[in-house]
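Asker: Here you go, one structure.
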Amino acid sequence: MKTCFSLTHRKAGLGLVLFIVFGMTYQSAECQITRAVQVTPDQEKRSFIRSVDGYAFLSEDMTLAQTRAAAFANAKRQAVEMVRTYIQSKTKVEDFVLKSDKITATSEGAVTILEQKDHGVEENNRYHVWIKAEVEYDLKPQGEAAKEHEMDPDAPLTVKVWTPEKQYKDGDNITIYIQGNRNFYARIVDISADKEIIQLLPNEYRKINYFEAGKTYKIPDQGDLFALTVRPPFGEDQIVVYASEVPLGRVDMEQVGQGLSRYTGTRSAFSAMTRGIAVESAAKSAEPGAEFYEATWKFKTGR
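Numbered by our numbering, the letters in the sequence shown go through residues 971 to 1273 in order.
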């Protein structure tokens, strides 16, 4: 799908666009607002990003390199344990089962180090390191009650993204909806069939990057100067939402017209830069950390 953003065409067809938008039945609008509970993303990735200090005491049985490695391992284990405790505190046992194979005190494979600092030997007896770690976890819903609890404001951060259909034809206009269970910061991009990454929100004319809990937002909407119209190349498009409870990391992009921007690197690089957040807790007394949620909604386009 190509994103069409011709300002001239948009103005010329404004009467038709307004007719279509305001001609929607109230029932149709309500269906989209209440649909979030039933939406299941094609892919999702839950994680918690936090900063951790790791230590290892010097020993005659280990080299300095081994002691350093032990300090990093200590930091990763702490990160996992802290996140596991946090997620369990946010999860109703009767509604969800925490997948222990993804997040346990020894599952270092679930940890990605986003940043690190090597403080070296301190006080002549221990090695000190610091890491900003992302710990992935899965939540396994248990029935319809679990789906409803997913959008509870006390549950882990969840942002639903969807389109009314999963199949679109050449010339069709597409509307994207998003809704979160808690207030969140987000970046929404379209990854086309030819892997082009276009950021839809925030954009130059609609700078919104903070979204309120329980409110349904749509793209495009008032303030946007583009339409999402199906054009070649056809195939599978992916709408990806990157969300967190704190502002997201900066990503340098190039302007492509009408407020939209394009990222010229890979999806993995884009994802990594988006995760460059400041892990500061909203509560002064709480440990520094922030939830991160990534959801992908796929749809197909053709003739």
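Beta carbons: idealized from backbone N, C-alpha and C, even for Gly.
Since the structure is predicted, the reported quantities are computational estimates derived from the model, not experimental observations.
Looking only at DSSP bridge pairs, what is phenylalanine 1154 linked to?
Answerer: Taking the sequence shown and counting its residues from 1, the one referred to as residue 1154 is at position 184. In DSSP, phenylalanine 1154 forms a bridge with Phe1181.
Asker: What do you reckon, are the CB atoms on valine 1200 and isoleucine 1144 nearer than 9 Å?
Answerer: For this step, residue 1200 is matched to residue 230 along the sequence shown. For this step, residue 1144 is matched to residue 174 along the sequence shown. Closer than 9 Å, so yes.
Asker: With contact counted as at least three CB pairs below 8 Å, one residue from each stretch, are the stretch 1159 to 1171 and the stretch 1226 to 1242 in contact?
Answerer: Contact holds: three or more Cβ-Cβ distances are below 8 Å.
Asker: Hey, out of Gln1228, Val1211, Leu1218, Glu1206, whose CA is closest to leucine 1195's CA?
Answerer: Position 225 of the sequence shown, counting from 1, holds the residue named residue 1195. For leucine 1195, the nearest C-alpha among the options comes from Gln1228.
Asker: Can you confirm whether the stretch 1044 to 1053 touches the stretch 1014 to 1024 when touching is taken to mean that 3 or more C-beta pairs between the two stretches lie within less than 8 Å?
Answerer: Enough Cβ pairs lie closer than 8 Å, so yes.
Asker: Examine the Cβ distances between the stretch 1205 to 1212 and the stretch 1262 to 1271 and report whether three or more of them are shorter than 8 Å.
Answerer: The stretch 1205 to 1212 is in contact with the stretch 1262 to 1271.
Asker: I need the DSSP call for leucine 1028, collapsed to helix, strand or coil.
Answerer: Along the sequence shown, read from residue 1 onward, the residue named residue 1028 stands at position 58. Leucine 1028: coil per DSSP, three-state reduction.
Asker: Per DSSP, which one or two residues make a beta bridge with isoleucine 1168?
Answerer: The sequence position of residue 1168 within the sequence shown is 198, counting from 1. Bridge partners of isoleucine 1168: Asp1160, Arg1232.
Asker: Check each candidate in Arg1152, Ile1189, Thr1128, Gln1208 and name the one with the smallest Cα separation from glutamine 1137.
Answerer: Counting from one through the sequence shown, the residue named residue 1137 turns up at place 167. Comparing Cα-Cα distances from glutamine 1137 to each of Arg1152, Ile1189, Thr1128, Gln1208, the minimum goes to Gln1208.
Asker: When the Cα of arginine 1152 is compared with those of Val1131, Asp1142, Pro1123, which residue comes out closest?
Answerer: The sequence position of residue 1152 within the sequence shown is 182, counting from 1. Selected option, being the one with the closest Cα: Pro1123.
Asker: Report the start-end ranges of each alpha helix (DSSP H) in the stretch 1120 to 1151 that is 4 residues or longer and not cut off at the edges.
Answerer: For the stretch 1120 to 1151, not a single whole alpha helix (DSSP H) run of length 4 or above is found.
Asker: Using the rule of at least 16 other Cβ atoms within 10 Å of the residue's Cβ for burial, across every protein chain shown, is threonine 1055 buried or exposed?
Answerer: If you number the sequence shown from 1, residue 1055 lands on position 85. Per the 10 Å Cβ criterion, exposed.
Asker: Which residue's Cα is closest to the Cα of glutamate 1014: Thr1244, Lys1087, Asn1095, Thr1128?
Answerer: Your numbering for residue 1014 matches position 44 in the sequence shown. Here the closest residue by C-alpha is Thr1128.
Asker: Kindly give me the distance between the Cβ atoms of leucine 1170 and aspartate 1160, rounded to whole angstroms, as I take these residues to be in contact under 8 Å.
Answerer: Here residue 1170 is taken as the residue at index 200 of the sequence shown, counted from 1. Here residue 1160 is taken as the residue at index 190 of the sequence shown, counted from 1. Yes, they are in contact, since the Cβ atoms of leucine 1170 and aspartate 1160 sit about 6 Å apart, within 8 Å.
Asker: Would you mind giving the Cβ-Cβ distance between serine 1017 and glutamate 1106, rounded to the nearest angstrom? I have them listed as a contact below 8 Å.
Answerer: Sequence index remark: in the sequence shown, residue 1017 carries index 47 (1-based). Sequence index remark: in the sequence shown, residue 1106 carries index 136 (1-based). That belief holds up - the Cβ atoms of serine 1017 and glutamate 1106 are roughly 5 Å apart, short of 8 Å.
Asker: Among the candidates Lys1177, His1089, Ala1103, His1098, whose CA atom is the shortest distance from the CA of isoleucine 1083?
Answerer: By one-based count along the sequence shown, residue 1083 stands at place 113. The option with the nearest alpha carbon to isoleucine 1083 is Ala1103.
Asker: Sort Lys1270, Gln1036, Glu1093, Lys1185 by Cα distance to glutamate 1206 and report the nearest one.
Answerer: As a first step, residue 1206 must be located in the sequence shown, where it is residue number 236. Checking every option, the nearest Cα to that of glutamate 1206 belongs to Lys1270.
Asker: What does a CB cutoff of less than 7 Å around lysine 1188 pick up in its chain, not counting 5 residues either side in sequence?
Answerer: To locate residue 1188, count along the sequence shown from 1; it is residue 218. Closer than 7 Å at the Cβ level, and outside the excluded window around lysine 1188, lie Thr1145, Ile1146, Tyr1147.
Asker: Can you tell me which of Arg1176, Val1009, Thr1133, Pro1126 puts its alpha carbon nearest to the alpha carbon of serine 1274?
Answerer: Within the shown structure, residues of the chain are numbered from 971 to 1273, placing residue 1274 beyond reach of any answer.
Asker: Whose C-alpha, out of Glu1182, Val1081, Asp1031, Thr1010, is nearest the C-alpha of asparagine 1044?
Answerer: Here residue 1044 refers to the residue found at position 74 of the sequence shown. That would be Val1081, whose Cα lies nearest to the Cα of asparagine 1044.
Asker: Nearer than 8 Å: is that true of the beta carbon of tyrosine 1056 relative to any heavy atom of the ligand GDP?
Answerer: Among the components of this structure there are no ligands whatsoever, and the ligand GDP is therefore not found.
Asker: What are the boundary residues of the beta strand (DSSP E) that valine 1105 is part of?
Answerer: Residue numbering aside, residue 1105 sits at position 135 when the sequence shown is read from its first letter. It spans 1096 to 1107 - the beta strand (DSSP E) in which valine 1105 sits, taken as one unbroken run.
Asker: Drop a sphere of 10 angstroms on the beta-carbon of valine 1173, count the other beta-carbons inside from all chains shown, and report buried for 16 or more, exposed for fewer.
Answerer: Against the sequence shown, residue 1173 aligns to sequence position 203. According to the sequence provided, residue 1173 is asparagine. The question's valine does not apply to it. Its Cβ being crowded by 16 or more others within 10 Å, asparagine 1173 is buried.
Asker: Just to check my reading of the structure: phenylalanine 1204 and glycine 1272 have Cβ atoms closer than 8 Å, yes? What is that Cβ distance to the nearest angstrom?
Answerer: Translated into positions along the sequence shown, residue 1204 becomes position 234. Translated into positions along the sequence shown, residue 1272 becomes position 302. About 5 Å; that satisfies the 8 Å criterion.
Asker: Using a Cβ-Cβ cutoff of less than 6 Å, which residues in the same chain neighbour lysine 1087 once the five nearest sequence positions on both sides are dropped?
Answerer: For the purposes of this step, residue 1087 is taken as the residue at position 117 of the sequence shown. So the qualifying residues of the chain are Trp1100.
Asker: In angstroms, rounded to a whole number, what distance separates the CA positions of valine 1131 and leucine 1198?
Answerer: As a working mapping, residue 1131 is identified with position 161 in the sequence shown. As a working mapping, residue 1198 is identified with position 228 in the sequence shown. Taking the straight line joining both Cα atoms gives about 15 Å.
Asker: State yes or no: is the C-beta of proline 1217 within less than 9 Å of the C-beta of asparagine 1179?
Answerer: The sequence position of residue 1217 within the sequence shown is 247, counting from 1. The sequence position of residue 1179 within the sequence shown is 209, counting from 1. Contact: yes.
Asker: Can you tell me the Cα-Cα spacing of aspartate 1031 and histidine 1089, whole angstroms?
Answerer: Here the question's residue 1031 lines up with position 61 in the sequence shown. Here the question's residue 1089 lines up with position 119 in the sequence shown. C-alpha separation (whole angstroms): 21 Å.
Asker: Mapping the DSSP letters down to three states, classify threonine 1010 as helix, strand or coil.
Answerer: If you number the sequence shown from 1, residue 1010 lands on position 40. Here threonine 1010 sits in coil by DSSP.
Asker: Measuring only the C-alpha atoms, how far is arginine 1176 from glycine 1193?
Answerer: Taking the sequence shown and counting its residues from 1, the one referred to as residue 1176 is at position 206. Taking the sequence shown and counting its residues from 1, the one referred to as residue 1193 is at position 223. Approximately 5 Å between the Cα atoms of the pair.
Asker: Ignore the nearest five residues each way along the sequence and tell me which others in valine 1053's own chain have a CB closer than 6 Å to its CB.
Answerer: As a working mapping, residue 1053 is identified with position 83 in the sequence shown. So the list reads Phe1018, Val1105, once near-sequence residues are dropped.
Asker: Rounded to whole angstroms, what's the CA-CA distance from leucine 1028 to tyrosine 1097? Just pull it up for me.
Answerer: Locating residue 1028 in the sequence shown gives position 58, where the first residue counts as 1. Locating residue 1097 in the sequence shown gives position 127, where the first residue counts as 1. C-alpha separation (whole angstroms): 7 Å.
Asker: Can you grab the Cα-Cα spacing for the pair threonine 1186 / glutamine 1036, in whole Å?
Answerer: Reading the sequence shown from its first residue, position 216 is the one you call residue 1186. Reading the sequence shown from its first residue, position 66 is the one you call residue 1036. Roughly 51 Å separates the two Cα atoms.
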